[in-house]
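Going by my numbering, the sequence shown opens with residue 146, and the numbers climb by one from there. Even glycine gets a Cβ: it sits at the ideal position worked out from N, Cα and C. Note that the coordinates shown come from a computational prediction; the quantities given were computed from them, not determined experimentally.
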Amino acid sequence: MVRVKNRYITFKILYPPSPKDTPYNDEPIPQLEILKSSSPSINQKSLAAIFRDHLQVNFGEFAQGTIAPVLSVRYFSNRTSTGIVKVGRDDVEMVCFAMMCIQKLYGQEVVVSIVRISGTIKKAQDFLIGENKELVNEIRDITG
Numbered sequence: 146m147v148r149v150k151n152r153y154i155t156f157k158i159l160y161p162p163s164p165k166d167t168p169y170n171d172e173p174i175p176q177l178e179i180l181k182s183s184s185p186s187i188n189q190k191s192l193a194a195i196f197r198d199h200l201q202v203n204f205g206e207f208a209q210g211t212i213a214p215v216l217s218v219r220y221f222s223n224r225t226s227t228g229i230v231k232v233g234r235d236d237v238e239m240v241c242f243a244m245m246c247i248q249k250l251y252g253q254e255v256v257v258s259i260v261r262i263s264g265t266i267k268k269a270q271d272f273l274i275g276e277n278k279e280l281v282n283e284i285r286d287i288t289g
């Protein structure tokens, strides 16, 4: 019997400022402005349902029948708006595309950014821990 190989997609939910709030300029938006805590209504179960819905919208019933049953959100933190999704190895590109097509979550404009794709959940967790440590150090440097 062949072992099913999975991939773990590490993602961030970014909350860009609306164009009405900021005047146009060529300067990049600081990272701390777009990183916000997510609403408590956003959890692992609701994200999995949203990802499955976008798979069906973008790829039809084929994706709904083959990819959606395997797709699961293994980790999501509302505080950091980061998470890990488990998918089959062959379906990574389709799931990444469907995730990046999400423009709104519960009426709020968002950008789902794919940060990394790992072969094991341990490597995905280690990457998130390192990212969060860097962010905490950056905040400490700014605040003094």
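Pick out the complete beta strand (DSSP E) segments inside the region 195-233, 3 residues or longer, and give them in chain order.
217-222, 227-233
With DSSP run on the structure shown, which of helix, strand or coil describes leucine 280?
helix
If you count every other CB in all the chains shown that lies within 10 Å of the CB of alanine 346, and 16 or more means buried, which is it?
Only positions 146 to 289 of the chain appear in the structure, and residue 346 is not among them; the question remains open.
Whole-angstrom Cβ separation of valine 232 and leucine 192, contact assumed at under 8 angstroms?
That belief does not hold up - the Cβ atoms of valine 232 and leucine 192 are roughly 13 angstroms apart, past 8 angstroms.
Between the Cα of aspartate 198 and the Cα atoms of Lys267, Ser263, Ile247, which residue gives the shortest distance?
Ile247
Would you mind reading off the limits of the beta strand (DSSP E) that contains valine 260?
256-263
If you compare alpha carbons, which of Ile158, Val147, Arg148 is closest to methionine 244?
Ile158
What does the Cβ neighbour count give for glutamate 186, buried or exposed, with the cut at 16 atoms within 10 Å?
In the sequence as presented, glutamate is not what sits at residue 186; that position holds serine. Exposed is the call here.
Residue(s) in a DSSP beta bridge with glutamine 253
Leu250
Methionine 239 to leucine 200 span [Cα, whole Å]:
8 angstroms
Counted within 10 angstroms of its Cβ, other Cβ atoms place phenylalanine 156 as buried (16 or more) or exposed:
buried
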